[in-house]
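Residue numbers (the working numbering): 39 to 172. Ideal Cβ placement from N, Cα and C applies to all residues, glycine included.
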């Protein structure tokens, strides 16, 4: 397992910015196994999203008292979620809105099974597409 890629993907999917895509592409360019690399990046990214989901689910009051910028992102993510429902979690990999979507899913108490299924499918598709394009 490429723990550096896993860790980068994990941090990238929490509320901290990161660049796991660039590291994945670099590893693939170095000759790393595409399946193992995509699996490591996906696993780390999904775990990070699950942490963000847990922050929303178990820290609802703290989430509701954020900065103005955080509140705007949360409001946008909540509108997306209410408009498109659970399938919007397939887009949890998107910059700027993906992490707040995971947080909103936790706040709204989306079932963890459907959360993991949708988020994993979306993130796996993104990393697989990057590897395929390489």
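6 Å Cβ shell around residue i - same chain, five flanking residues per side excluded
i: residue 138; result: 111, 112, 115
i: residue 78; result: 39, 40, 43, 44
Reference residue i, options the options, closest by Cα
i: residue 118; options: 106, 97, 140, 50; result: 140
i: residue 148; options: 96, 162, 169, 107; result: 96
i: residue 107; options: 84, 134, 120; result: 134
i: residue 161; options: 46, 76, 66; result: 76
i: residue 90; options: 52, 155, 172; result: 52
i: residue 83; options: 165, 170, 73, 172; result: 165
i: residue 158; options: 136, 170, 109, 71; result: 136
i: residue 128; options: 151, 155, 60; result: 155
i: residue 49; options: 66, 88, 150, 153; result: 88
Close beta carbons around residue i, own chain, < 7 Å, minus the five adjacent residues each side
i: residue 81; result: 44
i: residue 142; result: 94, 112, 115, 116, 119
i: residue 63; result: 168, 172
i: residue 163; result: none
Boundaries of the alpha helix (DSSP H) in which residue i is found, first to last residue
i: residue 152; result: 150–171
i: residue 46; result: 41–50
i: residue 133; result: Segment: none, residue 133 is in no alpha helix (DSSP H) and carries neither H nor E.
i: residue 82; result: 72–96
i: residue 58; result: 58–67
i: residue 120; result: 106–122
Residue environment, residue i, which counts as buried when at least 16 other CB atoms sit within 10 Å
i: residue 57; result: exposed
i: residue 131; result: buried
i: residue 46; result: buried
i: residue 86; result: buried
Close-in-space but distant-in-sequence residues of the same chain around residue i (CB under 8 Å, 5 per side omitted)
i: residue 92; result: 144
i: residue 126; result: 118, 119, 139
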